[in-house]
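Colleague: Would you mind keeping the following structure in view while I ask a few things?
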């Protein structure tokens, strides 16, 4: 697990360098590991119309899903902020969709989290009526 943490944090740091954040100047990179061991990374991409921006975590997830991957084991997040940054609420909801037991590594923190701990009582398919 320590090796996974190290590899993913390093990949998230690399992805952070590609962030497009001319408005907030807040760069974020994410790297996730799938159940088959493949790593996908992503960065935040801002837009002058802020609502059209996309977070690094969702960029990485969407890349994986677009290639047919739907089982994600873990994700690491690295940001340019002074303090370690956690995924926003929208990203937490997207991440829990693909594995409520997903491990979350935050660059700058030694603690490891589960996405279900970061998003308790998430909206899920049990709440839908079929």
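Residue numbers (the working numbering): 1301 to 1430. Each residue gets a CB set at the ideal place from its N, CA and C atoms; glycine is no exception.
Are residue 1356 and residue 1377 close, meaning C-beta to C-beta below 8 Å?
Modeller: yes
Colleague: Whose C-beta lies closer than 6 Å to the C-beta of residue 1413 among residues of the same chain, with five residues either side of it excluded?
Modeller: Cβ contact annotation for residue 1413 (same chain, cutoff 6 Å, sequence separation greater than five): 1404, in chain order.
Colleague: Flag this pair as yes or no: are the beta carbons of residue 1359 and residue 1381 separated by less than 8 Å?
Modeller: Not in contact: residue 1359 and residue 1381 (Cβ atoms no closer than 8 Å).
Colleague: What whole-angstrom Cβ distance do residue 1407 and residue 1309 have, given they're in contact under 8 Å?
Modeller: 5 Å
Colleague: Report yes or no: do the stretch 1306-1324 and the stretch 1343-1353 share at least 3 C-beta pairs separated by less than 8 Å?
Modeller: yes
Colleague: Rounded to a whole number of angstroms, what is the C-alpha to C-alpha distance between residue 1422 and residue 1398?
Modeller: 12 Å
Colleague: Please state if the CB of residue 1316 and the CB of residue 1328 are separated by a distance shorter than 8 Å.
Modeller: yes
Colleague: Closer than 7 Å by C-beta to residue 1428: which residues in its own chain qualify, once you throw out the five before and the five after it? Chain order, please.
Modeller: none
Colleague: Rounded to whole angstroms, what is the Cα-Cα separation between residue 1388 and residue 1311?
Modeller: 20 Å
Colleague: Quick check on residue 1371: buried or exposed, where buried means 16 or more other Cβ atoms within 10 Å of its Cβ?
Modeller: exposed
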